[in-house]
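Peer 1: Sharing a structure below in structure tokens format, with a few things to ask.
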Amino acid sequence: PLHALLSEVFDDGTDGPFDEWWPRISGDAGFDPALCFLVIDAKGRLAGAALCWATAFVKDLAVHPQARGHGIGEALMRQAFIAFRDRGAAHVDLKTNTVENATAVRLYERLGMMPVDWEG
1 PLHALLSEVF DDGTDGPFDE WWPRISGDAG FDPALCFLVI DAKGRLAGAA
51 LCWATAFVKD LAVHPQARGH GIGEALMRQA FIAFRDRGAA HVDLKTNTVE
101 NATAVRLYER LGMMPVDWEG
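Going letter by letter, the sequence shown gives residues 1 to 120 in this note's numbering.
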């Protein structure tokens, strides 16, 4: 369900099929399954997820289109902030498309995040 949600939300084809995606994700040095936060709706479906790296990096934040507008993205980000704070992180990073993802940018700004130049 996580791979399917990410594929639907981001719809850019970069993740590839699950059998290629999972080894790449789980084999990454920053991957920690304790930093994968999920929201399940009342019908048992995956409504949202935050996949975070141990380096205090939010790799993916995804909310199913039918579940948007209910505070799921904010709740996931707040949980990530708590987890990173508890691990001693001084700040949290993420990367997003600021042009095509204005709604997410507004969420991040509302949560106190600010844009920075990033090379990578």
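All C-beta atoms in this analysis are idealised placements derived from N, C-alpha and C, irrespective of residue type, glycine included.
Remember, predicted model here, so these are calculated numbers, not experimental data.
#1: DSSP beta-bridge partners for Ala62?
#2: Per DSSP, Leu94 is paired with what?
#3: So who's on the other strand from Phe37, going by DSSP bridges?
#4: What does the alpha-carbon distance come out to for the pair Arg106 and Arg24?
#5: Out of Asp12, Ala47 and Ala54, which has the shortest C-alpha to C-alpha gap to Gly30?
#6: Which first and last residues belong to the alpha helix (DSSP H) in which Glu8 is found?
Peer 2: So, from the data block:
#1: Ala49
#2: Val58
#3: Ala50
#4: 30 Å
#5: Ala54
#6: Leu2 to Phe10
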